[in-house]
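Q: Residue 1 is where the sequence shown starts when you use the UniProt record's numbering, and the numbers rise one by one after that.
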Amino acid sequence: MSSWSTKEALSSVSRLIGGERANIRMKEKSDCYSDSPDFRERLKSYELELEKTSKFLKDVIKDGNNVITAIKAESFREFAGLLQEVEEDRMMLVTVELTLKLCIRRKSDSIDKRFCFDIETQER
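(1) How is the alpha helix (DSSP H) around Asp63 delimited, first residue to last?
(2) Which value, in whole angstroms, describes the spacing of the CA atoms of Glu74 and Ile61?
(3) Using only the alpha-carbon positions, how far apart do Leu83 and Thr53 sit?
(4) What number of angstroms, rounded off, separates the C-alpha of Asp109 from the C-alpha of Phe76?
(5) If you draw a straight line from the alpha carbon of Met91 to that of Ala70, how long is it in whole angstroms?
(6) What's the gap between the Cα of Gln87 and the Cα of Asp59?
Shown next, in the form of structure tokens:
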């Protein structure tokens, strides 16, 4: 098998497809750097899709941050409510100091009615 030069290959191809001289032009090096219109179109559609995806992800992140902020606010409200309940329960358990101001003894057969107390309370 012999190796052909580019000119020999082109002349063989031109004879096969067009007779004497088919108009086959070699690509210049600069032509290889330019992109085809189809490639440019696909690239543009990919770029648009990438922009849409990027915007969507930014919106998802923004919405996620809003959800986190709302959950934090709700947690703080719930925690404040629990603290209020604990404070109310604590106030119910506070020791009350009783001071006897006056005691009167009555004549009665019932022990419940025999004494009358006047009591003063003081919370600590």
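Here a beta-carbon is modelled for each residue, glycine too, at the ideal position from N, C-alpha and C.
Computed from a predicted structure; not experimentally measured.
A: Taking the definition as stated:
(1) Here the alpha helix (DSSP H) through Asp63 covers 37-93.
(2) Approximately 20 Å between the Cα atoms of the pair.
(3) If I take the Cα positions, the gap works out to 45 Å.
(4) One alpha carbon belongs to Asp109, the other to Phe76, and they sit about 60 Å apart.
(5) Going by the C-alpha atoms only, they are around 32 Å apart.
(6) Here residue 87 is Glu; the residue named in the question, Gln, does not match the sequence. One C-alpha to the other measures close to 42 Å.
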